[in-house]
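Student:
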Amino acid sequence: MATMVQAVRLALHVGETKLGVTDIFGEDVGPPLGGVFTATQGLRTAWNSPLDERGIVGAAMGLAMAGQKPVAEIQFCDYAFNTIDLLKLAGNTLWSSNGDWNVPLVLMTPVGAGIHGSLYHSHSLDAQATRIPGWKIVMPSNPRDAYGLMLSAIQDPNPVMVLIPKALMRVKAAGPDEMIPGEPEDPRALGKMIDAPIGQREGWEPEWPETALEFVPIGAAKTVRRGEHVTVVTYGRMVGVAKRAADVLSREDIDVELIDLRSLHPYDWPAIAESVARTGRAVFVNEDTEITNFGEHLIRRCVEELWDSLRAPPILEAGKHLPGVGLAEPLEAATIPGLGSVTDAIRRCVRQPDRRVGNSRPRRDFAFTWTGEAPVGPFDAYERAFRHR
Amino acid sequence: MHERMVEARCLEERLIRMQRGGDGYFWIGGPGEEAFNVALGLLAKKGQGLDHDYLHLHYRSSATLLAMGADPVDALRQMKSVATDPYSGGRNFCGHYSKREWNVAPITSPIEVQYATAIGTAIAQKRAGGEGITIVQGGDAGTAEGDFASCLVWASRPGFELPMLIIVTNNGWGISTPGHEQHGEQRIADRGKAFGMRTATIDGNDAESAYRGLEEAMRYVRRERKPFLLEAYVSRLYGHSSSSGSNYVETEFDCVTEIEKKLVARHLRTSDECDSLRAEYEQFLLEAAKTVSLEPKPEPASVWEHVFTDRDIVGEGARKVPHDNRLWKAPACSFPTTKASKSGSAS
Ligand SMILES: Cc1ncc(C[n+]2csc(CCOP(=O)(O)OP(=O)(O)O)c2C)c(N)n1
Chain P
12 MATMVQAVRL ALHVGETKLG VTDIFGEDVG PPLGGVFTAT QGLRTAWNSP LDERGIVGAA
72 MGLAMAGQKP VAEIQFCDYA FNTIDLLKLA GNTLWSSNGD WNVPLVLMTP VGAGIHGSLY
132 HSHSLDAQAT RIPGWKIVMP SNPRDAYGLM LSAIQDPNPV MVLIPKALMR VKAAGPDEMI
192 PGEPEDPRAL GKMIDAPIGQ REGWEPEWPE TALEFVPIGA AKTVRRGEHV TVVTYGRMVG
252 VAKRAADVLS REDIDVELID LRSLHPYDWP AIAESVARTG RAVFVNEDTE ITNFGEHLIR
312 RCVEELWDSL RAPPILEAGK HLPGVGLAEP LEAATIPGLG SVTDAIRRCV RQPDRRVGNS
372 RPRRDFAFTW TGEAPVGPFD AYERAFRHR
Chain H
13 MHERMVEARC LEERLIRMQR GGDGYFWIGG PGEEAFNVAL GLLAKKGQGL DHDYLHLHYR
73 SSATLLAMGA DPVDALRQMK SVATDPYSGG RNFCGHYSKR EWNVAPITSP IEVQYATAIG
133 TAIAQKRAGG EGITIVQGGD AGTAEGDFAS CLVWASRPGF ELPMLIIVTN NGWGISTPGH
193 EQHGEQRIAD RGKAFGMRTA TIDGNDAESA YRGLEEAMRY VRRERKPFLL EAYVSRLYGH
253 SSSSGSNYVE TEFDCVTEIE KKLVARHLRT SDECDSLRAE YEQFLLEAAK TVSLEPKPEP
313 ASVWEHVFTD RDIVGEGARK VPHDNRLWKA PACSFPTTKA SKSGSAS
């Protein structure tokens, strides 16, 4: 039973033995360490790069241009920010050259909070990443998806970012559903096979289990739990949090439908739309800061395209718009969504009166104040909001 | 060489006129760099894949492309941003070439990023062996960017030096900031010395020195599979771009006039021959510009093309080189930081 980091390693092994991966590289990615999270231990094509994120992204692009298949790592997404210029370049190379060059590369990076990482090991990248067109972006929530999404990322001829929630690295599959076909069931057995020994590693070779080529398609969300009262759309670490919130709420007779988006771009709009149109209520949850947040985009589409089916205003539960995540537990908890705030957000959404029934007026005690007028189009809505100030 | 230089000059002058006449939004190019850039284009090992040279150029490289055999009319198409522009389909500025068939990486506007991407093609070529090398070129002011330092660092890792010709064409200017206000090193090429690189600074305005300098540097990189930092002094004959007026700068050294003086003095060409060669290219490009201006603009819906692709290029143009990246070991560190008895057990 693999942890997420072992799942990534298994996928990379399959990548280099069956899918043409030529280079797995980044800071401390090669021996002796095999990555600060050990995601790249024992891999044949893993090597250490200089401590230079821009060089890493540039090298990955050049390798891809030269017919290689690179998987590059940015050690923490917190350090990907000085590469955004090059990420833009990777994203626009095909388009700017009118289809002449593509850069089939994978960029993987650990994201998010939850490991007491303070300011520079708690960042999220989803809001930034989804603002760089030309990239496909995936974020797994469990080991099996991490494995399958990584395989798909490797096989894709476009640049693909694999965002791996830091806090889930060491988390094992929650059950047989989340296991990788072919992996040994006993977690200790897998560890013995593929985890490098502590200390002396000279001569150590992993013993790779034969795992299946099971791809998780990019762009396909997964409905983790069916429900009829509210749709919760999330990804990565927040999937587990939302699941627990749904359990809590089921005791209050609130029936949550939970969608694990898995791919942030292209994202599975049909899955979201079908569910939100059915429940009429939507909560979007992620860890990134809330202003200009990816969840806001999804809310915009819900409002524009699903207006008639919405029973209540959609809600975003995201990180606070603060310059950082503080180290002390109360500071992190006050900044990043957790079980309490996610449960509250869902409860708040469900308790909003149904705007589709009669002429019920929303209560004023909600944070969201509704003017009572239906906007005609998005521009109109903005203009009206402005006039109301 | 002379002929390609004249062709390139006429092309740039035609592009400038097109932009001024409303047949383009912006001009940037390489008039003044023809001696060096033509030599580069002639010497590059043209073709696709690892056995050929990868070229990571910048927006002053038209003469290199022409010397490699590019059709000058295509450059006019890019200026006019018509659908037939083969380099970007009307999406990018003039001088932003891309030709996968010849390993010419897409030229992009951000300064210096090409020095980062060049690392990757050079790594692939290092592993593949053979004769193909990676050539990267940019201006002097841009060497202040981190990507230039990245390139020097990655190209010179002990035991894994990259077959890379790193070129700086030094015209003495940023946009309007003179070079001496920007950096204190005597010669930019000297920066390579700290990395144990072969370096040279040459007169890129003189066709013969440019050709010989490039030939020697390339021979070294091709055979030794190690980097070479080559700095070439060049002119900027029409200023930075159309935003600075694109007027001929009388005080700058003109490599085309100079080569013509030499050819005439050595009785290899008469000045009449030189004049009529120029007149022919001018006439041809004038006519071509007229035709190009009638070509269709891209369809609005084409903005959605080439965002993603299904084309699998892994292994394309690449010889399959079985390798185990873990086998590469750097030579021992020359300043041990751990006690000898403990070395090798870092983890
Ligand atoms: C990263 C970046 N910063 C700024 C600019 C704007 N810019 C365009 S050209 C230029 C000057 C470049 O000078 P140099 O590197 O010497 O090259 P030259 O144009 O002189 O050949 C600047 C600042 C840019 N294109 N990219």
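As you go down the protein sequences, you meet chains P and H in turn.
Per my numbering, the first sequence starts with residue 12, numbered consecutively.
Per my numbering, the second sequence starts with residue 13, numbered consecutively.
Backbone N, C-alpha and C define an ideal beta-carbon position, used for all residues, glycine too.
Please state whether the Cβ-Cβ distance between G107(H) and Y71(H) is less than 8 Å.
Tutor: Here residue 107(H) is taken as the residue at index 95 of the second sequence, counted from 1. Here residue 71(H) is taken as the residue at index 59 of the second sequence, counted from 1. Yes, the Cβ-Cβ distance between G107(H) and Y71(H) is below 8 Å.
Student: Could one say the Cβ of A244(H) lies closer than 8 Å to chain P's Cβ atoms, at least one of them?
Tutor: For the purposes of this step, residue 244(H) is taken as the residue at position 232 of the second sequence. No, A244(H) lies away from the interface with chain P (no Cβ there is under 8 Å from its Cβ).
Student: Mind checking whether the beta-carbon of N183(H) lies closer than 7 Å to any heavy atom of ligand 1?
Tutor: The sequence position of residue 183(H) within the second sequence is 171, counting from 1. Yes - ligand 1 has a heavy atom lying nearer than 7 Å to the Cβ of N183(H).
Student: At 9 Å on the CB atoms, spell out the chain H contacts of W280(P), in chain order.
Tutor: Against the first sequence, residue 280(P) aligns to sequence position 269. Chain H residues near W280(P): none, gap ~16 Å exceeds 9 Å.
Student: For ligand 1, is there a heavy atom less than 7 Å away from the beta-carbon of P121(P)?
Tutor: In the first sequence, residue 121(P) corresponds to position 110, counting from 1. Not so, every heavy atom of ligand 1 lies at least 7 Å from the Cβ.
Student: Using a Cβ-Cβ cutoff of less than 8 Å, which residues in the same chain neighbour W114(H) once the five nearest sequence positions on both sides are dropped?
Tutor: The residue given as residue 114(H) occupies position 102 in the second sequence. The residues are K58, G59, Q60, H64, L67 and M80.
Student: Whose CA, out of L179(P), D137(P), K80(P) and P364(P), lies closest to the CA of A91(P)?
Tutor: Working through the first sequence from its first residue, we reach residue 91(P) at position 80. Comparing Cα positions, the closest option is D137(P).
Student: Leaving out five residues before and five after W112(P) in sequence, what residues of the same chain have Cβ atoms less than 7 Å from its Cβ?
Tutor: The residue labelled residue 112(P) in the question sits at position 101 within the first sequence. The residues are M76, T104 and L105.
Student: For A219(H), which option in K138(H), A75(H), E25(H) and A167(H) has the closest C-alpha, if you only look at C-alpha atoms?
Tutor: Reading the second sequence from its first residue, position 207 is the one you call residue 219(H). Taking only the C-alpha atoms, the option nearest A219(H) is A75(H).
Student: Find the nearest neighbour of R210(H) within the set S188(H), K111(H), L164(H) and H192(H), judged by alpha-carbon distance.
Tutor: Counting from 1 along the second sequence, the entry for residue 210(H) is found at position 198. Selected option, being the one with the closest Cα: L164(H).
Student: From what residue to what residue does the alpha helix (DSSP H) around G150(H) run?
Tutor: What you label residue 150(H) is simply residue 138 of the second sequence in a count that begins at 1. Not the alpha helix (DSSP H): G150(H) falls in the beta strand (DSSP E), residues T146 to G151.
Student: Run through DSSP, which three-state label would I28(H) get?
Tutor: Residue mapping note: residue 28(H) aligns to position 16 of the second sequence, counting from 1. DSSP places I28(H) in helix when its eight states are reduced to three.
Student: Going by the beta-carbon positions, is the gap between A244(H) and I179(H) smaller than 8 Å?
Tutor: Position 232 of the second sequence, counted from the start, is the residue given in the question as residue 244(H). Position 167 of the second sequence, counted from the start, is the residue given in the question as residue 179(H). Closer than 8 Å, so yes.
Student: Compare the C-beta of A206(H) against all C-beta atoms of chain B and say whether one is closer than 8 Å.
Tutor: Protein chains P and H are contained in the structure displayed, whereas chain B is not.
Student: Between R16(H) and the rest of its own chain, which residues show a CB-CB distance below 8 Å, the 5 nearest in sequence each way excluded?
Tutor: Along the second sequence, read from residue 1 onward, the residue named residue 16(H) stands at position 4. Answer for R16(H): E46, V50, G53, L54, A75, L78 and A79, listed in chain order.
Student: Compile a chain-ordered list of the residues in the segment 303-334 of chain H whose CB is closer than 8 Å to at least one CB of chain P.
Tutor: Cβ contacts with chain P come from E317, H318, V319, F320, T321, D322, R323, D324, I325, V326, G327, E328, G329 and A330.
Student: CA-CA distance, K331(P) and T300(P)?
Tutor: To locate residue 331(P), count along the first sequence from 1; it is residue 320. To locate residue 300(P), count along the first sequence from 1; it is residue 289. When rounded, the distance between both Cα atoms is 5 Å.
Student: Which residues in chain P sit within 8 Å of Y66(H), going by Cβ to Cβ distance?
Tutor: Looking up residue 66(H) in the second sequence gives position 54. Ordered by position in chain P, the residues that pass the 8 Å Cβ test against Y66(H) are G73, M76 and A77.
Student: Answer with buried or exposed for A223(P), where buried requires no fewer than 16 other C-beta atoms within 10 angstroms of its C-beta.
Tutor: Mapped onto the first sequence, residue 223(P) falls at position 212. Exposed.
Student: Note down, in chain order, every chain H residue with its Cβ under 8 Å from the Cβ of W112(P).
Tutor: Residue mapping note: residue 112(P) aligns to position 101 of the first sequence, counting from 1. Those within 8 Å of W112(P) in chain H are S110, R112, A117 and P118.
Student: Could you please give me the residues that DSSP links to W58(P) through a beta bridge?
Tutor: What you label residue 58(P) is simply residue 47 of the first sequence in a count that begins at 1. In the DSSP output, where bridge partners are listed per residue, W58(P) has F36(P).
Student: Out of I85(P), V336(P), E194(P) and R367(P), which has the shortest C-alpha to C-alpha gap to D319(P)?
Tutor: What you label residue 319(P) is simply residue 308 of the first sequence in a count that begins at 1. Looking at the Cα atoms, R367(P) is the closest of the given residues.
Student: Can you tell me which of D152(H), W166(H), F265(H) and I145(H) puts its alpha carbon nearest to the alpha carbon of A128(H)?
Tutor: Translated into positions along the second sequence, residue 128(H) becomes position 116. Minimum Cα distance to A128(H) is reached at W166(H).
Student: If you measure from the CB of A75(H), is any heavy atom of ligand 1 nearer than 7 Å?
Tutor: In the second sequence, residue 75(H) corresponds to position 63, counting from 1. No, Cβ of A75(H) sits at least 7 Å from all heavy atoms of ligand 1.
Student: In the DSSP assignment, the alpha helix (DSSP H) including H70(H) goes from what residue to what residue?
Tutor: Locating residue 70(H) in the second sequence gives position 58, counting from the first residue. First-last for H70(H): undefined, no H or E at that position.
Student: What are the residues in the segment 142-168 of chain H lying within 7 Å of chain P by C-beta distance?
Tutor: If the cut-off is 7 Å between Cβ atoms, the segment 142-168 of chain H has G158, D159, S162, V165 and W166 near chain P.
Student: Would DSSP call A71(P) helix, strand or coil?
Tutor: The residue you call residue 71(P) lines up with position 60 of the first sequence. Helix at A71(P).
Student: Using a Cβ cut-off of 8 Å (strictly closer), state whether I123(H) contacts chain P.
Tutor: Reading the second sequence from its first residue, position 111 is the one you call residue 123(H). No, I123(H) does not count as interfacial toward chain P.
Student: From the beta carbon of S73(H), is the nearest beta carbon of chain P less than 8 Å away?
Tutor: Translated into the one-based positions of the second sequence, residue 73(H) becomes position 61. Not closer than 8 Å to any Cβ of chain P, the Cβ of S73(H) fails to qualify, so no.
Student: Please work out which residues of its chain come closer than 6 Å, Cβ to Cβ, to I131(H), disregarding the five sequence neighbours upstream and downstream, and give them in chain order.
Tutor: One-based indexing of the second sequence puts residue 131(H) at position 119. Excluding sequence neighbours, I131(H) sits near W166.
Student: Just the Cα atoms here: how many angstroms apart are V267(P) and A83(P)?
Tutor: Walking along the first sequence from the start, residue 267(P) turns up at place 256. Walking along the first sequence from the start, residue 83(P) turns up at place 72. V267(P) and A83(P): Cα-Cα distance of roughly 37 Å.
Student: For Q198(H), is the classification buried or exposed, using 16 other Cβ atoms within 10 angstroms of its Cβ as the cut-off for buried?
Tutor: Here residue 198(H) refers to the residue found at position 186 when the second sequence is read from its first residue. Exposed is the call here.
Student: Are the Cβ atoms of A256(P) and I347(P) separated by less than 8 Å?
Tutor: Indexing the first sequence from 1 puts residue 256(P) at position 245. Indexing the first sequence from 1 puts residue 347(P) at position 336. Cβ atoms of A256(P) and I347(P): not closer than 8 Å.
Student: Considering only C-alpha positions, which residue in the set L249(H), I135(H) and I40(H) is nearest to R169(H)?
Tutor: Translated into positions along the second sequence, residue 169(H) becomes position 157. Cα-wise, what sits closest to R169(H) is I135(H).
Student: Could you spell out the range, first to last residue, of the alpha helix (DSSP H) harbouring T129(H)?
Tutor: Your numbering for residue 129(H) matches position 117 in the second sequence. Start and end: V125 to A140.
Student: Can you find the residues in the same chain that come closer than 7 Å, C-beta to C-beta, to G388(P), ignoring five residues on each side of it along the sequence?
Tutor: Working through the first sequence from its first residue, we reach residue 388(P) at position 377. Note that G388(P) has pLDDT 37, beneath the 50 cutoff, so the model's placement of it is unreliable and no number is given.
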